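Data first, discussion second: the structure below is written as structure tokens.
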Amino acid sequence: RNLRYIIYNRTFIKKGSFKNGQFLKTCNFFSSRLTSQQVVRAVLPDRITGDKLAVIWLFHGLGDDGSCWLRKTRLESLLDQQQVMAIIPDMGRSFYSNSVAGQPYWDYLNKELIPNLQKLFPISQLQEKII
495 RNLRYIIYNR TFIKKGSFKN GQFLKTCNFF SSRLTSQQVV RAVLPDRITG
545 DKLAVIWLFH GLGDDGSCWL RKTRLESLLD QQQVMAIIPD MGRSFYSNSV
595 AGQPYWDYLN KELIPNLQKL FPISQLQEKI I
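Written out as structure tokens, the structure reads:
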């Protein structure tokens with residue numbers, strides 16, 4: 495609980511906390527699909543009481559990045575006392591899709607990011623637990 499930085503499987507994780515007890519983990523890692531450094535933010539409850547957490551995936555708009563959910567909302571108060579995890583990936587100006595002229599963001603999300611996060615965090619894979 496006192497660690498500020500964690501390195502797991504070549505992923506650098508910075509740990510912070512909110513006043514309501516949730517933890518913000520900022521994960522920086524190299525994406526082989528995008529061939530660049532990527533950032534994902536995860537907000538987790540202070541104490542995990544079950545085996546797996548329900549997940550809310552939050553995606554930013556075209557003119558912003560994943561930090562907008564932390565800067566422009568009351569996310570921490572909405573998740574207070576819930577066994578829910580919020581995952582906020584930075585997806586650039588990709589529209590979350592593969593592009594002929596751009597990068598394969600859809601493949602990155604589905605084939606690289608989600609499997610890696612399932613290894614790092616206790617994420618439920620049940621459809622009714624994913625929002």
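FYI, the working numbering numbers position 53 of the sequence shown as 547, with every residue one higher than the one before it. Positions of the beta carbon are idealized from the N, C-alpha and C atoms, including for glycine. Treat the numbers as computed from the prediction; the structure is a model and nothing was measured.
* Asked: What is the DSSP secondary structure of Gln621, reduced to helix, strand or coil?
  -> The DSSP-derived three-state label of Gln621 is helix.
* Asked: What did DSSP end up calling Gln612 once you bin it into helix, strand or coil?
  -> Of the three classes helix, strand and coil, the one that applies to Gln612 here is helix, per DSSP.
* **Val537 vs Asp584 beta-carbon contact at 8 Å** => Taking C-beta atoms as the reference points, Val537 and Asp584 fail to come closer than 8 Å.
* Asked: Around the Cβ of Arg541, are there at least 16 other Cβ atoms within 10 angstroms (buried) or fewer (exposed)?
  -> Exposed: under 16 other Cβ atoms inside 10 Å.
* **N- and C-terminal bounds of the alpha helix (DSSP H) containing Leu528** => Neither: Leu528 is in no alpha helix (DSSP H) and is coded neither H nor E.
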